[in-house]
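Engineer:
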């Protein structure tokens, strides 16, 4: 929403002869594809300056400087997929591809009555944008919202993807699966009128791919910076190292480059706090003026030297696996204590925050201690994961060590999992890694990146829970109602790996069994596995403690319903055997052959 009271005319940009030629050339390109058009001056128009950015050699992008206009545009909070969203979906089996959209923003038309706010002068002529320009603050939100149903449609088909503005990462656990993802994505995008940028897209599935300036390597499960980003970062750090004084803006620029590299530099956060702390102080002293100069201290230079020396070899692990040792701690004003066990736990929220973020700028002491801890871990190849749990639940707390057998309740083995929605992606990853058994309660949000992964875990059709404003409640406030209760649909999803774990198979064995199935076999087995669980549920039979008679009754039921012919019998037997079902230590399929079913029915 705009609230304008005047037209701005201070819009002239100064270019030299070469730059003017570049701008003129870019304007001709935009005119040719109807992104802009020449117009006449009118009342209530809004004029803005223009500038350009070099993309690659001999390639440029003209941008409308809408800084002033953006002051009048209301901000609306929105969520978008990020690089972190992407790497949560990557596994060691992942094949990856990417799709880039050409002129993404330009595919979104602007209402004719609003085009007057997107005007600029060039060589005495007045032009206006007819579609969404680069530089308008609402553009990322608009384009993200526009593509949400597109990615949702693809995720419903089982495709794993992450979209970030005009870039999308497509994943599959086989080359065929990834190829199918690519083909379906291109087909849908093209039908909707988007243009695929063939030069920037990667159509061939690979174990290594560049996405959002980082190299994702699923073979080694690591992330590294591209060569260009490394070279640019080293160049800028060296430039700042050579100075004792520099503009705050220049320091902020280097900090920005460093922070943008954290996605691929595991310990990067340890070596920028001095820069950030000194910049904050200088900016405060200059009353927010970025053009003022600041001193480049020895501590700042120490951080810069680390980046120059190490950025070429640094990387980040996608997963650190399960922890080998877990330490429980608790502290008070009187002292500190800790014990070792197999429960992951932590201390107070401040300590957890400083360890998790490898430091901070609010407390020099906390930053120093956390830096020392992480440097020790770095030298000894240790990775820390910290969480905070309230004192009353902390096993390291003295009160919680008092034993009362009447309080030692535990859940029955088979329980439902209902994590906070923001942690669903991590929980699904954990279920896949550990072969966990249970039913996941989740919202039916097809737009979320974790949705295809959740669908891949199913052993049976998910159960849609009835809409009820009391189905979700806060224990401390029973009268509260979830704000999304009217439109949110919750589903109960049985875990696909539960059958193996129920049979006592290890995580490694489960992984081998699941990996041994071909993609086509998985789909065919799933049909009969789901029917088996449905049959057992109806008959109130334990799916894993069975007899020959039970299985024969199951096959007979399918046969009589017309769902099982002799040609598909072997497939059904194989599906049950694949679950690890045995009778007297013999796979169930060997007990239940076609002859026995034939004898039973005729």
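In the UniProt record's numbering, the protein residues as written are 1 to 602. Ideal placement from N, C-alpha and C gives every residue a C-beta, glycine not left out. Small disclaimer: the values here were computed from a predicted structure and weren't measured.
#1: So, helix, strand or coil for residue 386, using DSSP?
#2: Alpha carbon to alpha carbon, how far is residue 327 from residue 346? Give it in angstroms, no decimals.
#3: The beta strand (DSSP E) with residue 61 in it runs from where to where?
#4: Using CA coordinates, which residue listed in 114, 175, 179 and 72 is at the minimum distance from residue 137?
#5: Given a cut-off of 9 Å, decide if residue 188 and residue 178 are closer than it, judged by their beta-carbon atoms.
#6: Do residue 174 and residue 247 have their C-beta atoms within less than 9 Å of each other?
#7: Whole angstroms are fine: how far does the CA of residue 88 sit from the CA of residue 547?
#8: Tell me, please, which residues DSSP counts as bridged to residue 206.
#9: Quick one: give me the first and last residue of the beta strand (DSSP E) that residue 161 is part of.
#10: In chain order, what residues of the same chain lie with their CB nearer than 6 Å to the CB of residue 535, ignoring the 5 residues before and after it?
#11: Residue 119 and residue 48: beta carbons closer than 9 Å?
#12: Under a Cβ-count criterion, where at least 16 other Cβ atoms within 10 Å of its own Cβ denotes burial, should residue 316 be classed as buried or exposed?
#13: Run through DSSP, which three-state label would residue 482 get?
#14: So, is residue 242 buried or exposed, given that buried needs 16 or more other C-beta atoms within 10 angstroms?
#15: My assumption, with CB atoms under 8 Å, is that residue 314 sits in contact with residue 254. Please give the rounded CB distance.
#16: Near residue 238, what residues of its chain come up, given a Cβ to Cβ distance below 7 Å and the 5 sequence neighbours on each side ignored?
#17: Evaluate residue 494 with the Cβ neighbour count: other Cβ atoms within 10 Å of its Cβ, from every protein chain shown; 16 or more gives buried, anything less gives exposed.
#18: Are any of the Cβ atoms in chain B nearer than 9 Å to that of residue 296?
#19: Using a threshold of 9 Å, state whether the C-beta atoms of residue 465 and residue 359 are closer than that.
#20: Quick one: grab the DSSP three-state call for residue 17.
#21: Among the candidates 295, 556, 219 and 231, whose CA atom is the shortest distance from the CA of residue 251?
#22: Touching or not, the stretch 422-442 and the stretch 450-460, by the rule of three or more beta carbon pairs under 8 Å?
#23: If you reduce the DSSP assignment to three classes, tell me which class residue 199 lands in.
#24: Buried or exposed, going by whether 16 or more other CB atoms sit within 10 Å of the CB of residue 451?
#25: Between which two residues does the alpha helix (DSSP H) holding residue 368 run?
#26: Sorted by chain position, which residues of the same chain lie with C-beta nearer than 7 Å to residue 142's C-beta, five sequence neighbours on each side aside?
#27: Compute the Euclidean distance between the alpha carbons of residue 531 and residue 557, then round it to the nearest angstrom.
#28: Closest to residue 215 by C-alpha separation, out of 151, 166, 422 and 318, would be which residue?
#29: Going by CA-CA distance only, name the one from 217, 30 and 472 that's closest to residue 491.
#30: Kindly give me the distance between the Cβ atoms of residue 297 and residue 278, rounded to whole angstroms, as I take these residues to be in contact under 8 Å.
#31: Any idea what DSSP makes of residue 304, helix, strand or coil?
#32: I'd like to confirm the pairing. Which residues does DSSP put opposite residue 131 in its beta bridges?
#33: Can you check which of these residues, 55, 448, 65 and 35, is closest to residue 163 by C-alpha distance?
#34: Kindly indicate which three-state DSSP category residue 167 falls into: helix, strand or coil?
#35: Exposed or buried, which one is residue 18 when buried takes at least 16 other CB atoms within 10 Å?
#36: Give the DSSP-derived three-state secondary structure of residue 295 in the structure shown.
Structural biologist: This is what the structure gives:
#1: Coil, per DSSP.
#2: With a pLDDT of 42 at residue 346, under the threshold of 50, the modelled position of this residue cannot be trusted; read the value that follows with caution. Straight-line Cα distance between these residues: approximately 8 Å.
#3: That run of the beta strand (DSSP E) goes 60-64.
#4: The shortest CA-to-CA distance from residue 137 to any of 114, 175, 179 and 72 is the one to 72.
#5: Not a contact, by the Cβ cut-off of 9 Å.
#6: Their beta carbons are not under 9 Å apart, which means residue 174 does not touch residue 247 by this criterion.
#7: Their backbone Cα atoms lie some 41 Å apart in a straight line.
#8: Partner(s): 96.
#9: Where residue 161 is concerned, the enclosing beta strand (DSSP E) stretches over 160-164.
#10: Residues 554 of the same chain have their beta carbon placed closer than 6 Å to that of residue 535, with the five preceding and five following residues left out of the count.
#11: Against a cut-off of 9 Å, the Cβ pair of residue 48 and residue 119 comes out as a contact.
#12: So residue 316 ends up on the buried side.
#13: Here residue 482 sits in coil by DSSP.
#14: So residue 242 ends up on the exposed side.
#15: At roughly 17 Å, the Cβ-Cβ gap does not stay under 8 Å, so residue 314 and residue 254 are not in contact.
#16: So the list reads 308, once near-sequence residues are dropped.
#17: With 16 or more other Cβ atoms within 10 Å, it is buried.
#18: In the displayed structure, chain B is absent; only one protein chain is listed.
#19: No.
#20: Helix, per DSSP.
#21: Comparing Cα-Cα distances from residue 251 to each of 295, 556, 219 and 231, the minimum goes to 295.
#22: By the Cβ criterion, the stretch 422-442 is in contact with the stretch 450-460, since at least three pairs of Cβ atoms, one from each stretch, lie closer than 8 Å.
#23: Residue 199: coil per DSSP, three-state reduction.
#24: In this structure residue 451 is buried. Its beta-carbon is surrounded by 16 or more other beta-carbon atoms within 10 angstroms.
#25: Per DSSP, residue 368 belongs to the alpha helix (DSSP H) from 364-379.
#26: Result list for residue 142: 108 and 132, in chain order.
#27: Looking at the two C-alpha atoms, the distance is approximately 11 Å.
#28: Answer by Cα proximity: 318.
#29: Of 217, 30 and 472, the residue nearest in Cα terms is 472.
#30: Contact flag correct, Cβ pair sits at about 6 Å.
#31: Helix, per DSSP.
#32: Residue pairing of residue 131 in beta bridges, as defined by DSSP: 109.
#33: It is 448.
#34: Residue state, collapsed to three classes: strand.
#35: Note on residue 18: under 16 other CB atoms within 10 angstroms of its CB, so exposed under the neighbour-count rule.
#36: Looking at residue 295 - three-state DSSP - the assignment turns out to be strand.
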